[in-house]
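First residue of the sequence shown? That's 1 in the UniProt record's numbering, and the numbers climb one at a time after it.
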Amino acid sequence: VSIKMGGSSLSYKKHYIPEDRTLVEANLENADPELCIRLLQVPTVVNYSGLQRRLKASDQSWMVQFLELRGLDLLLEALERLSGRGCARISDALLQLTCVECVRAVMNSSAGLHFILDNEGYVRTLAQALDTSNVMVKRQLFELLAALSVFDPQGHHLALDALDNYKTQQYRFSVIMNELHGTDNVSYMVTLMSMVNVLVLGEEELRKRDRLRQEFIGLQLLDLLPRLRYWFGLYCNPSL
């Protein structure tokens, strides 16, 4: 099926899955940024999945145009809205996940990464999306914040600023520590501990680095280490 929108053609492919249902997949292989922006006005798994593939395949000029048309703004606004809506249904969880994967695709480009670094508001919105029960989404968000911290000193500053402005927590690192205390998912633990490490070690000034370390210790990080070692041991040696 092919639909004409503006100067671009949008086609859909049908994939048959069990239970005699049909999943329609948007093929945006040759779509221009304007068409993708219009599709973002209708947040569906179909549109996000098609956009993710288009973002991954885009060149620098295409990505710049997408960003200038507020493509990233629309994605982050949708992600924050979806996170606030909860995950009562599997479809809600899948919608969140495909949306955050689009944000990841933007950040995997040089243009997208620098665009985010130039605006602290984007990183704050990214952190606000942590207010979700979807562990897969939270894991990806922490990975993106960690990547920003490692990439550039400004990214480290913006990640700390975003955690400072996270609405639901009294202490800025509580969101990380609460997740560590509450999960038995080893791969998620690894992501969270990586986040702790990049936040602490990413601070170049020794006095500030020690202050960050003390913040985590104050939230019982040391008490948690034996439990983490136990789970990591089981993960590395499942026969034990």
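Glycine included, every Cβ here is placed at the ideal spot set by N, Cα and C.
I'd like to check one pair, residue j with residue i: are the Cβ atoms closer than 9 Å?
{"i": "residue 102", "j": "residue 55", "result": "yes"}
{"i": "residue 242", "j": "residue 148", "result": "Summary: the structure shown does not reach residue 242, with the chain confined to residues 1 through 240, and so no result is reported for it."}
{"i": "residue 74", "j": "residue 116", "result": "no"}
{"i": "residue 80", "j": "residue 125", "result": "yes"}
{"i": "residue 123", "j": "residue 159", "result": "yes"}
{"i": "residue 225", "j": "residue 177", "result": "no"}
{"i": "residue 129", "j": "residue 82", "result": "yes"}
{"i": "residue 248", "j": "residue 45", "result": "The structure shown does not extend to residue 248, since the chain is modelled only from 1 through 240, so no value can be given for it."}
{"i": "residue 186", "j": "residue 216", "result": "no"}
{"i": "residue 175", "j": "residue 166", "result": "yes"}
{"i": "residue 172", "j": "residue 140", "result": "no"}
{"i": "residue 34", "j": "residue 53", "result": "no"}
{"i": "residue 201", "j": "residue 192", "result": "no"}
{"i": "residue 199", "j": "residue 219", "result": "no"}
{"i": "residue 111", "j": "residue 163", "result": "no"}
{"i": "residue 254", "j": "residue 232", "result": "In this structure the chain extends from 1 to 240, so residue 254 is not present and cannot be described."}
{"i": "residue 152", "j": "residue 84", "result": "no"}
Out of the options, point me to the one whose CA is closest to residue i's CA.
{"i": "residue 113", "options": "221, 95, 89, 64", "result": "64"}
{"i": "residue 58", "options": "226, 221, 109, 189", "result": "109"}
{"i": "residue 137", "options": "202, 93, 52, 213", "result": "93"}
{"i": "residue 107", "options": "133, 72, 35", "result": "72"}
{"i": "residue 119", "options": "31, 70, 132", "result": "70"}
{"i": "residue 31", "options": "41, 42, 50", "result": "50"}
{"i": "residue 40", "options": "162, 76, 60", "result": "76"}
{"i": "residue 48", "options": "60, 97, 89, 62", "result": "97"}
{"i": "residue 150", "options": "170, 203, 184", "result": "203"}
{"i": "residue 89", "options": "209, 223, 133, 60", "result": "133"}
{"i": "residue 228", "options": "214, 183, 210, 209", "result": "183"}
Can you pull the DSSP bridge partners for residue i?
{"i": "residue 47", "result": "Note: residue 47 sits in no beta bridge, so no partner."}
List the endpoints of the continuous alpha helix (DSSP H) containing residue i.
{"i": "residue 194", "result": "186–201"}
{"i": "residue 178", "result": "174–182"}
{"i": "residue 152", "result": "No alpha helix (DSSP H) holds residue 152; DSSP gives it neither H nor E."}
{"i": "residue 128", "result": "120–128"}
{"i": "residue 211", "result": "206–218"}
{"i": "residue 61", "result": "60–68"}
{"i": "residue 100", "result": "90–107"}
{"i": "residue 133", "result": "Per DSSP, residue 133 belongs to no alpha helix (DSSP H) and is neither H nor E."}
Does chain C have any CB closer than 9 Å to the CB of residue i?
{"i": "residue 46", "result": "The structure shown contains no chain C; it is built from a single protein chain."}
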